[in-house]
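FYI, the working numbering numbers position 23 of the sequence shown as 266, with every residue one higher than the one before it.
One structure is given here, and the rest of the page talks about it.
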Amino acid sequence: MTPVYKTTKNNSLDINNQGVKVTKIDGEDYICLTDMAKAYGADKVIDNWLRNKNTIDFLGVWERYNNSDFNFLEFEEIKNIAGLNRFTMSAKHWVERVNAKGIVARAGRYGGTYAHRDIAFEFGTWLSPEFRLLIITEYQRLKAIEQKKLNWDSRRVLASVNYKLHTDSIRDNLIPSLSHSVIEKYVYTDEADMLNRLAFGQTAREWRRQNPALAKAGRNQRDYATEQQLVLIANLQSLNAFLIDQKMPQQERIIKLAEHARRHYNSILKAEEQHNIFMNDEIKRLNHEN
244 MTPVYKTTKN NSLDINNQGV KVTKIDGEDY ICLTDMAKAY GADKVIDNWL RNKNTIDFLG
304 VWERYNNSDF NFLEFEEIKN IAGLNRFTMS AKHWVERVNA KGIVARAGRY GGTYAHRDIA
364 FEFGTWLSPE FRLLIITEYQ RLKAIEQKKL NWDSRRVLAS VNYKLHTDSI RDNLIPSLSH
424 SVIEKYVYTD EADMLNRLAF GQTAREWRRQ NPALAKAGRN QRDYATEQQL VLIANLQSLN
484 AFLIDQKMPQ QERIIKLAEH ARRHYNSILK AEEQHNIFMN DEIKRLNHEN
């Protein structure tokens, strides 16, 4: 099975002002050993590391647990001579001889020797314990950024899914009574404007007029919305779709939606007020204890 590679320019660690690329291979993170060696200040150490008997033992154990196509016979031959003065090994030869998957030698734009994060951390230990700690700390930072982006994207997807539900309800309930394509366009615009005003205080067109440079760059007001606004717009879209299905006129719907928006924001203000009271009580308690 051919491995699936995915690398983006933002997937990199910053070690000693040296970018260390991270790529996805079959859904797993692989770190560029070539970049790690450069960051450490020793370009040609990977082959020396692979000559080490402890390295071969570690790689063998990793492949045994993670690679069903691992060539055990070839590995035993390599293991028997690992550590001898005449023993040499490169990433390319290791992969070819034992059909390894933990290390990958790549050419091209994102070329270099890559290793699964478990193996990359082991390489970092061989370079120095301090360098291993730098790699792990920076890797954890990258994962935290990715998780934050994932959470943000999930909220955007939620809003998008509910918008599809919202527009489907308009199409199924409002459009049948209209025939002109221009009217159809305005119905959608009116509904979207109504929700945008409740959630953001302005329509999309008004936002674009106020932010022409951002609009030209393809951005919209949802890109700069707070988490609470994204949750609200998603809820409003879902509620509006339900009310449209109930054949409720727009004049009545906007009253219901405005009430929901007010409750939403009031609950946020109430939660913030309770949080402030709690924090003040905690400060008083700590001051009293001290």
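Glycine included, C-beta positions come from ideal geometry on N, C-alpha and C.
query, result
"C-beta contact flag for residue 373 and residue 257 at 8 angstroms", "no"
"Cutoff 7 angstroms; reference residue 278; Cβ partners in own chain excluding five residues on either side", "261, 262, 263, 264, 355"
"Local Cβ density within 10 Å of residue 323, reported as buried at 16 or more and exposed below that", "exposed"
"For residue 329, three-class secondary structure by DSSP", "coil"
"Given 8 angstroms, three or more beta-carbon pairs between the stretch 279–299 and the stretch 307–315", "no"
"Distance CB(residue 504)-CB(residue 479) smaller than 8 angstroms", "yes"
"Cross-strand partners of residue 261 (DSSP beta bridge)", "258"
"Residue 269 in three-state terms, based on DSSP", "coil"
"Which residues DSSP lists as bridging residue 347, in chain order", "357"
"Buried or exposed (CB count within 10 angstroms, at least 16 for buried), residue 304", "exposed"
"Cβ pair residue 333, residue 300 closer than 8 angstroms", "no"
"Closest by C-alpha distance to residue 288, when choosing among 366, 497, 345", "366"
"Residue range of the alpha helix (DSSP H) that includes residue 279", "276–283"
"Rounded C-alpha distance that separates residue 439 from residue 473", "11 angstroms"
"For residue 360 and residue 274, believed in contact at Cβ under 8 angstroms, the rounded distance", "6 angstroms"
"Distance between beta carbons of residue 276 and residue 357, contact taken as under 8 angstroms", "7 angstroms"
"Cut-off 6 angstroms between Cβ atoms - residues of its own chain near residue 259, not counting five sequence neighbours on either side", "282"
"Three-state secondary structure assigned by DSSP to residue 312", "coil"
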